[in-house]
Amino acid sequence: MRSPSQLPKILFEGHVFHRQTKGRFGASHPGLSYPRWDRTKYSGSVAGEWKRLDAAIALDSVAALKSASWGAFQIMGFNYAMCGFDDVDGFVAAHKDSADAQLAAFARFISRPRFLNALRNRNWEGFAAAYNGPGFAKNRYDTKLANAYARFANPNH
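Residue 22 is where the sequence shown starts when you use the numbering used here, and the numbers rise one by one after that.
The structure is reproduced here in structure tokens:
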């Protein structure tokens, strides 16, 4: 096994694991399975998130892999098919393989009309909402996208 520094960044989402497993581990493993998103459950480190994921894998491997966001673009494992993979295992293997594989998965993921139309129209709020869900505004993803676009579209300003 690779050291944590060689593994892709992940964030294990216990509320997604709870949904994926229909709550069957909520009582026995409340740190891994809970009904609502809870920032306090995160470990605060990549190595800690891998420990949380490994513990969830011991309970239900497929549900656990689908319940983490993966790599540089933090795509949820349950989106494996939208990234061009037949199963979540292939998606995870690609994310472990290389940054190039992560970029290719991201490109396939955002090739859907809802993402492309938002990008083409510079609808940063629409793109952020489609990519991150309704909580996007808390992290100001739309503002960050707009600022990055302005910076790179006009590098001399």
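Even for Gly, the Cβ is constructed at its ideal location relative to N, Cα and C. Owing to the predicted nature of the structure, the values given are computational and were not obtained by experimental measurement.
Helix, strand or coil for residue i? Go by DSSP, reduced to three states.
i	result
residue 28	coil
residue 46	coil
residue 99	helix
residue 33	strand
residue 65	coil
residue 105	coil
residue 71	helix
residue 40	helix
residue 59	coil
Assign residue i to buried or exposed, taking buried as 16 or more other Cβ atoms, counted over all protein chains shown, within 10 Å of its Cβ.
i	result
residue 152	buried
residue 61	exposed
residue 73	buried
residue 170	exposed
residue 87	buried
residue 71	buried
residue 176	exposed
residue 139	buried
residue 99	buried
residue 115	buried
residue 29	buried
residue 77	buried
Over the uninterrupted beta strand (DSSP E) stretch that includes residue i, give me the two end residues.
i	result
residue 91	89-91
Taking Cβ positions only, does residue i come closer than 8 angstroms to chain C?
i	result
residue 120	Going by chain labels, chain C is absent from the structure shown, which holds only one protein chain.
Since residue i is in the alpha helix (DSSP H), which residue starts that stretch and which ends it?
i	result
residue 165	162-174
residue 136	134-141
residue 81	No alpha helix (DSSP H) holds residue 81; DSSP gives it neither H nor E.
residue 148	145-153
residue 124	120-130
Since residue i and residue j are thought to touch, with beta carbons under 8 angstroms apart, how far apart are those beta carbons, to the nearest angstrom?
i	j	result
residue 67	residue 91	Not a contact, Cβ separation roughly 12 angstroms.
The segment 50-69 / the segment 24-38 touching (three or more Cβ pairs under 8 angstroms): yes
Can you confirm whether the segment 138-153 touches the segment 107-124 when touching is taken to mean that 3 or more C-beta pairs between the two stretches lie within less than 8 angstroms? no
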